[in-house]
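Take our numbering: the final residue in the sequence shown is number 1055, and no numbers are missing along the way. For every residue, glycine included, the Cβ atom is placed at its ideal position computed from N, Cα and C. The structure displayed is predicted, hence computed values, not measured ones. I have placed the structure first, in the form of structure tokens, so that the comments after it can refer back to it.
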Amino acid sequence: MVCNKPANLMGTRSGMLVVRGLCSFTSISLLYTSVQLMPLSDAVVLQFLSPLMVAIAAPLLLKELPSRWIWVCVPMCLVGVLLTAQPSVLFGAHGAMSVSQGGVAVGIMQAAFAASHKICIRYLKGEDSNVQLMYLGGVSVIGSVVVCVIMEKWSLPSTSSDWVLLILTGFSAYGSQMSQTIALKMTHASLATAMSYLSVVWGIMSGYLVFGEIPNVLSFVGALLVCSCTLVLGIAEHLSAEQPRWLRQICTLAQKHSTSICHKCTKKHLLYEPIATEDLAND
């Protein structure tokens, strides 16, 4: 938590900071629940509905109009996730576990809370990143204690390797949340959230390097589709941010011309206003 010391440790929008923490905690809790109710591949596919939800909600809640490339690349990335995860609904069941309606409902709710979490981060772009994560950590600790008390289930790691894995999970989660927060402060919510599809590619690489899992052809095609679409989004955003010189000159001339017309209209209005006032007085 030590970077640049924030000016206000409690933040300026404490209410929204708490809401952001609640959305994130609920999203993570529902993700764990959906994995227990349905196969992992199906839960992953439903999880990646959140970028599409953000693209739909951003114009309404954040007044940010997504690029037209978002509406092309985000659905294509979702197709890439389908090819990579290969959910049992489309590709057949890989085991005894089937997809329940309750699991699907929980998965869609998880995607909605994840999208709300991203929207909140973008809305709080003026708040310090460390302050946001401090609120997130506090809400998560309180929420976890409440859930454990209600469920009457509490367990701690029993071996040293479990403790190491738990600590590494905490560090990786912190890095993920910090990266998301910084990214959403720097660019539009729809674009930053669409980049999360790259996690599918990192998952394939980690599975191969760590667990020796060799992906099939469909997984390679899906990963290639995700990489291609995210690359197109990045290039399109870069090109839209850098306008050509001739276009900037035209915009400058148009702005000067409209300003001069407004000044002339204002002068005429001030010239005719006393005359109109005298006519009304004479009547």
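Residue range S786 to L809 is occupied by the alpha helix (DSSP H) that includes F797. The segment 948 to 986 is shown to contain no whole beta strand (DSSP E) run of 3 or more residues. A Cβ-Cβ contact shorter than 8 Å links A961 with R894. Your pair G852 and V1004 does not check out as a contact, with CB atoms roughly 12 Å apart and the cut at 8 Å.
By the C-beta density criterion, V903 is buried, having at least 16 other C-beta atoms within 10 angstroms. For F885, the enclosing alpha helix (DSSP H) has its first and last residue at Q873 to Y895.
For Q819, the uninterrupted alpha helix (DSSP H) run begins and ends at L812 to Q819, by DSSP.
Rounded to whole angstroms, the Cβ separation of A815 and G874 is 12 Å, and the two are not in contact under 8 Å. Judged by beta-carbon spacing, S813 lies within the 8 Å limit of P859, meaning their Cβ atoms are closer than that value. Within the model, the alpha-carbon separation for I891 versus R840 is close to 19 Å.
Taking C-beta atoms as the reference points, Y969 and P811 fail to come closer than 8 Å. Contact annotation: the segment 908 to 921 touches the segment 790 to 800, with at least three C-beta pairs closer than 8 Å.
For L854 against V817, the beta-carbon gap comes to about 6 Å, under 8 Å, which counts as contact. In this structure T856 is in contact with S991, their Cβ atoms being roughly 5 Å apart against a cut-off of 8 Å. Cα atoms of P831 and G984: separation of roughly 43 Å, rounded to the nearest angstrom. Membership of T856 in the alpha helix (DSSP H) is indicated by the continuous run R840 to A857. Secondary structure at M782: coil, using DSSP grouped into helix, strand and coil.
Excluding residues up to 5 positions away in sequence, G852, T856, V972, V973, I976 and P987 lie with their Cβ nearer than 8 Å to the Cβ of A995 in the same chain.
When C-alpha distances from S901 are compared across M950, S927 and V807, the shortest belongs to M950.
In this structure, L802 places its C-beta atom within 8 Å of the C-beta atom of Q882. Assignment of S927 by DSSP, reduced to helix, strand and coil, places it in the coil class. By the neighbour-count definition (other C-beta atoms within 10 Å, threshold 16), M958 is an exposed residue.
Within 10 angstroms of the beta-carbon of L956 lie 16 or more other beta-carbons, which makes it buried. Assignment of E899 by DSSP, reduced to helix, strand and coil, places it in the coil class. CA-CA distance, F943 to V936, rounds to 11 Å. Assigned with DSSP and collapsed to three states, E1009 falls in helix. When secondary structure is reduced to three states using DSSP, L832 falls in the helix class.
In this structure, the CA atom of S932 is about 44 Å from the CA atom of C845.
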